[in-house]
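Taking this note's numbering, the leading residue of the sequence shown gets 1, the next gets one more, and so forth. A short worksheet on the structure shown next.
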Amino acid sequence: MTAMTALAPVSAAVPRRDWTFSPAQLFDRAKIGAAIAAAHARQVNGDELRKEALALMRQGLEDGRQLARAALEATAGGLACATNLSLIEDELIRALYDFIVTYQHPPQAGTVPHRMAVIAVGGYGRGTLAPGSDIDLLFLLPTEKDAWGEKVAESILYALWDLRQKIGHSTRSIEECLRQATEDMTVRTAQLEARHILGDEQLFETMRSRFEAEVVHLAPAEFVTAKLAERDARISRAGRSRYLVEPNVKEGKGGLRDLNTLFWIAKCVYRVRDASDLVAAGLFTPREYRLFCRCEEFLWRVRCHLHFATGRAEEILSFDQQRGIAERLGYATRGGLVAVERFMKHYFLVAKDVGDLTAVVCAALEEKQAKPAAVLDRFAAHLRHHEKLVKSAGFTIENGRISTASPDVFARNPVNLIRLFWLADRSGLAIHPDAKRMVISSLKLIDAKLRADPEANRLFLQVLTSRNSPEVVLRLMNEAGVLGRFIPDFGRIVALMQFNMYHHFTVDEHLLRAVGHLADMEAHRFIQEHPLSSAIVASIEKRTALYLALFLHDIAKGRPEDHSLAGVEVARRLCARFGLSEAETESVAWLVANHLIMSDTAQRRDLGDRRTIETFAARVQTLERLKMLQVLTVCDIYAVGPGVWNGWKGELLRTLYWETEVVLAGGHSAQERTRRVESAKKELREQLPNWTDGDFASYAARHQQAYWLKVDLPHKIRHAKLLNMTEVEIPTSITDIATDAFRAVTELTVVAPDHPRLLSTITGACAASAANIVDAQIFTTTDGLALDTIFLSRAFDRDDDELRRAGRIGLAIEQALRGEIRLKELIIARGRPLNDRDTAFHVPPEVLVDNNLSRKFTVLEVSCRDRPGLLYDVTRALSGLDLNIGSAHVATFGEKAADVFYVTDLSGAKITAHARIGAIKHRLLRALSEKPAETEEHV
Numbered sequence: 001m002t003a004m005t006a007l008a009p010v011s012a013a014v015p016r017r018d019w020t021f022s023p024a025q026l027f028d029r030a031k032i033g034a035a036i037a038a039a040h041a042r043q044v045n046g047d048e049l050r051k052e053a054l055a056l057m058r059q060g061l062e063d064g065r066q067l068a069r070a071a072l073e074a075t076a077g078g079l080a081c082a083t084n085l086s087l088i089e090d091e092l093i094r095a096l097y098d099f100i101v102t103y104q105h106p107p108q109a110g111t112v113p114h115r116m117a118v119i120a121v122g123g124y125g126r127g128t129l130a131p132g133s134d135i136d137l138l139f140l141l142p143t144e145k146d147a148w149g150e151k152v153a154e155s156i157l158y159a160l161w162d163l164r165q166k167i168g169h170s171t172r173s174i175e176e177c178l179r180q181a182t183e184d185m186t187v188r189t190a191q192l193e194a195r196h197i198l199g200d201e202q203l204f205e206t207m208r209s210r211f212e213a214e215v216v217h218l219a220p221a222e223f224v225t226a227k228l229a230e231r232d233a234r235i236s237r238a239g240r241s242r243y244l245v246e247p248n249v250k251e252g253k254g255g256l257r258d259l260n261t262l263f264w265i266a267k268c269v270y271r272v273r274d275a276s277d278l279v280a281a282g283l284f285t286p287r288e289y290r291l292f293c294r295c296e297e298f299l300w301r302v303r304c305h306l307h308f309a310t311g312r313a314e315e316i317l318s319f320d321q322q323r324g325i326a327e328r329l330g331y332a333t334r335g336g337l338v339a340v341e342r343f344m345k346h347y348f349l350v351a352k353d354v355g356d357l358t359a360v361v362c363a364a365l366e367e368k369q370a371k372p373a374a375v376l377d378r379f380a381a382h383l384r385h386h387e388k389l390v391k392s393a394g395f396t397i398e399n400g401r402i403s404t405a406s407p408d409v410f411a412r413n414p415v416n417l418i419r420l421f422w423l424a425d426r427s428g429l430a431i432h433p434d435a436k437r438m439v440i441s442s443l444k445l446i447d448a449k450l451r452a453d454p455e456a457n458r459l460f461l462q463v464l465t466s467r468n469s470p471e472v473v474l475r476l477m478n479e480a481g482v483l484g485r486f487i488p489d490f491g492r493i494v495a496l497m498q499f500n501m502y503h504h505f506t507v508d509e510h511l512l513r514a515v516g517h518l519a520d521m522e523a524h525r526f527i528q529e530h531p532l533s534s535a536i537v538a539s540i541e542k543r544t545a546l547y548l549a550l551f552l553h554d555i556a557k558g559r560p561e562d563h564s565l566a567g568v569e570v571a572r573r574l575c576a577r578f579g580l581s582e583a584e585t586e587s588v589a590w591l592v593a594n595h596l597i598m599s600d601t602a603q604r605r606d607l608g609d610r611r612t613i614e615t616f617a618a619r620v621q622t623l624e625r626l627k628m629l630q631v632l633t634v635c636d637i638y639a640v641g642p643g644v645w646n647g648w649k650g651e652l653l654r655t656l657y658w659e660t661e662v663v664l665a666g667g668h669s670a671q672e673r674t675r676r677v678e679s680a681k682k683e684l685r686e687q688l689p690n691w692t693d694g695d696f697a698s699y700a701a702r703h704q705q706a707y708w709l710k711v712d713l714p715h716k717i718r719h720a721k722l723l724n725m726t727e728v729e730i731p732t733s734i735t736d737i738a739t740d741a742f743r744a745v746t747e748l749t750v751v752a753p754d755h756p757r758l759l760s761t762i763t764g765a766c767a768a769s770a771a772n773i774v775d776a777q778i779f780t781t782t783d784g785l786a787l788d789t790i791f792l793s794r795a796f797d798r799d800d801d802e803l804r805r806a807g808r809i810g811l812a813i814e815q816a817l818r819g820e821i822r823l824k825e826l827i828i829a830r831g832r833p834l835n836d837r838d839t840a841f842h843v844p845p846e847v848l849v850d851n852n853l854s855r856k857f858t859v860l861e862v863s864c865r866d867r868p869g870l871l872y873d874v875t876r877a878l879s880g881l882d883l884n885i886g887s888a889h890v891a892t893f894g895e896k897a898a899d900v901f902y903v904t905d906l907s908g909a910k911i912t913a914h915a916r917i918g919a920i921k922h923r924l925l926r927a928l929s930e931k932p933a934e935t936e937e938h939v
């Protein structure tokens, strides 16, 4: 049983009744025609007859669609639904034609019979329609100018538009069809699937025969090249991975359009008319054709449900639709996976199968010289032509790809199932689809004996830790089914999605991308993006342990227990199997168990708080672990998806690394901190040569020790100039703006008299300006001024555009501080009502209070579903609780906001009384709710 079959819900295979329909049952053309004839007999003519006819057809159309929908929901038959909808449209067009040529434009008596054919093209030509699909029609006329035929075509189109049908149309003669198809690849593709609906069938057959002889079969290579280029462009628009967690069912990689492209190419190159002919043509084996049919059925099933559920031609299987579609298809929660995750795993397995079929077709086309051969990877071109290596291992090179030398190469030695991919890595050559076919049919040879084979494990470990293209080869192993069989724990997370907005890919795709990013980092391809990690990666002694830990860090996802802890057991078992030493095994297990702590600490803790660094350093213990964890964390975040990594996160991780390195090297004692403060003061003094010693001493006394330790020199210089302005006269506030392209943030530094509501006012102004806050650095001078720096996500690439935007935000902050605007009203006005996508996820509000994470502060951790104005609501609640905020750390993981605040009471003490803590939790939970309770407006 295949994984795809095993995932299919039982209810999908058990229809409640026979839902097979004849065209007349779907749309009773004869009954409608009789009703129109009766109306005509009652002297109903002209516009009134047309209105009555369209009303009858509209009702018939609606009844037929409801019948098709009922059948879909009862049997889950996607192709049957698409076929039913196409039949309904066929009958509707025939009914319209009959009405028009009978009552509106009848042929004149005694004239030569008019010749005309109405032809379905494009997707409609395949005899399948989704509920929201366009109806593509070709009105075929014998000559370029045929007045009667053009009138009939026009009348049919107007009637279809009145019936609210989405129509794509053309009216052409045979010569025009051939000329357009020769010049335009889109027209050529549409005509490939032309299907006769009504009219002169001989006219249609003449057109089709000439089209195949004069257009299709004369230049197949040109058509194939164009279609594959079109596919690449389409996939690039929809998302290059087939494992995007919100896939495009029609246009995405592994979607229906890929199957359409395969068939178009096959029709052009192999001269077949039906998909069933692909086996006889030698393109597919019977098993592959059955797979083609299963994939097509499943994708049509999903697409039809999606169109009906949304009421439009929606092709994105978005989060807000996935639960409903899973329920309609009969999936249930089982085996640690909720229903929607089981459904999406099935979807991605189908997308993978579509990819396998694509590879089969592309290889066959290469053999026919209809497309150029491929290489394994663009970075591995210098590794080609290792024929001696390939042949010595019992394989051969065929058409530039590694293939099998004999049909029993895997049965004779199952280790060859791993060696094949090892050769691909070493030689840089792609694997021939015939060899891949043999691999897939030989997967049963991957058993416990092979998994325990030292040579097989050695070869796999060399692939994983290769300096060539490990991600590419591992993905080939995964798509062939080898990786999941060779490492069963990995097989459990193949095609597994996590139902949240943070992760963009399935778990297996995420792990492979993480490994690929590490290989790229080692090859010095990310020196600018990751300067620290790129510098230290070469010094890591346990390189194999690092690669294996990265490959395994999420391998226990989808289980009831914590995946980090469950992953440790998997890691220890696999390390022993792969022959790692005891020290390497401990490193792998520790990294898997702790792979989230560096990211969590960097983004959600005060890195200027001594206890934060000491606690983290005590967990890490050694410099080697610190280096490995730094690199692993960067690769993990980067592989989550586009836009998740940014320079700001890199800066936080680097800060945590350097601060921890000092502690692990024996620094950060009380004396050491005093020396560092004095060194920081001396460093700043040298940058202010025009200041007198007395002026600088007075200025330095305005800052507490934490300021000198947390702020870098460029910011100290800017702060000194800002605060020096307050020596003369302090306005309501001073706002300074700076952009940082590397960290992808814009900084707004606000100097104002300190008061408990200051931060909530600043965050409210940012929310009212639609600015996304990623962090906040908060200081208070000894003379009562607040020095708050807010870090905002950049909205523009160009600095001048970003500075103008930041200027507007800064103005809003100053107006709010002067009481010139009412923030709550502005935030409500800018907000939007929750939509289906917002409500697809449930993140229960949570408030945690911890007095052990800092010596000076009480740490408040709040989490809930993210929404506009959330930070304002929370900081306003904190000010209403008479709490001083020492620092704020803002983190968003997809739909989840997870913010941390370091607070004290107004006397500067921690919050320890149980009743007070309870009151804080209660107030914050109100603020975190989707509709916060009305509280007193402070500004």
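C-beta: ideal position from N, C-alpha, C; glycine also.
Quick one, which of the options has its alpha-carbon nearest residue i's?
| i | options | result |
| --- | --- | --- |
| residue 152 | 182, 104, 572, 197 | 104 |
| residue 944 | 927, 666, 482, 725 | With the chain covering only 1 through 939, there is no way to say anything about residue 944. |
| residue 609 | 511, 801, 709 | 709 |
| residue 944 | 768, 780, 420 | Because residue 944 is not part of the residues shown, which for the chain are 1 to 939, the question remains open. |
| residue 944 | 707, 204, 764 | Residue 944 lies beyond the residue range present for the chain, which begins at 1 and ends at 939; the question has no answer from this structure. |
| residue 912 | 702, 27, 850 | 850 |
| residue 432 | 405, 443, 444, 451 | 405 |
| residue 617 | 658, 550, 799, 583 | 658 |
| residue 295 | 283, 286, 281, 351 | 351 |
| residue 223 | 473, 266, 774 | 266 |
| residue 665 | 645, 656, 622, 644 | 622 |
In whole angstroms, what separates the C-alpha of residue i from that of residue j?
| i | j | result |
| --- | --- | --- |
| residue 920 | residue 700 | 35 Å |
| residue 436 | residue 776 | 53 Å |
| residue 339 | residue 246 | 16 Å |
| residue 381 | residue 464 | Because the pLDDT of residue 381 is 44, which lies under 50, any placement of that residue in the model is unreliable, and the question is left without a value. |
| residue 825 | residue 809 | 16 Å |
| residue 471 | residue 486 | 17 Å |
| residue 924 | residue 846 | 9 Å |
| residue 312 | residue 304 | 10 Å |
| residue 703 | residue 680 | 12 Å |
| residue 80 | residue 134 | 18 Å |
| residue 402 | residue 577 | 28 Å |
| residue 357 | residue 288 | 7 Å |
| residue 484 | residue 186 | 40 Å |
| residue 816 | residue 595 | 42 Å |
Since residue i contacts residue j with CB under 8 Å, what's their CB separation in whole angstroms?
| i | j | result |
| --- | --- | --- |
| residue 165 | residue 177 | Their Cβ separation, rounded to whole angstroms, is 23 Å, which puts residue 165 and residue 177 out of contact at 8 Å. |
| residue 736 | residue 749 | 4 Å |
| residue 162 | residue 54 | 6 Å |
| residue 425 | residue 478 | Not quite, the Cβ-Cβ distance comes to about 14 Å (not below 8 Å), so this is no contact. |
| residue 255 | residue 299 | 6 Å |
| residue 760 | residue 572 | 49 Å between Cβ atoms; not a contact. |
In chain order, what residues of the same chain lie with their CB nearer than 6 Å to the CB of residue i, ignoring the 5 residues before and after it?
| i | result |
| --- | --- |
| residue 587 | 542, 545 |
| residue 639 | 510, 513, 514, 517 |
| residue 891 | 603, 604, 898 |
| residue 6 | Residue placement at residue 6 is poorly supported in this model, since its pLDDT is 44, which falls under 50; the coordinates are not used for a value here. |
Run through the DSSP bridge pairs and tell me what residue i is partnered with.
| i | result |
| --- | --- |
| residue 902 | 859, 887 |
| residue 687 | None; residue 687 has no bridge partner. |
| residue 846 | 863 |
| residue 893 | 896 |
Excluding five sequence neighbours on each side, which residues of the same chain lie with their C-beta closer than 8 Å to the C-beta of residue i?
| i | result |
| --- | --- |
| residue 540 | 546, 624, 627, 628, 631 |
| residue 536 | 627, 630, 631 |
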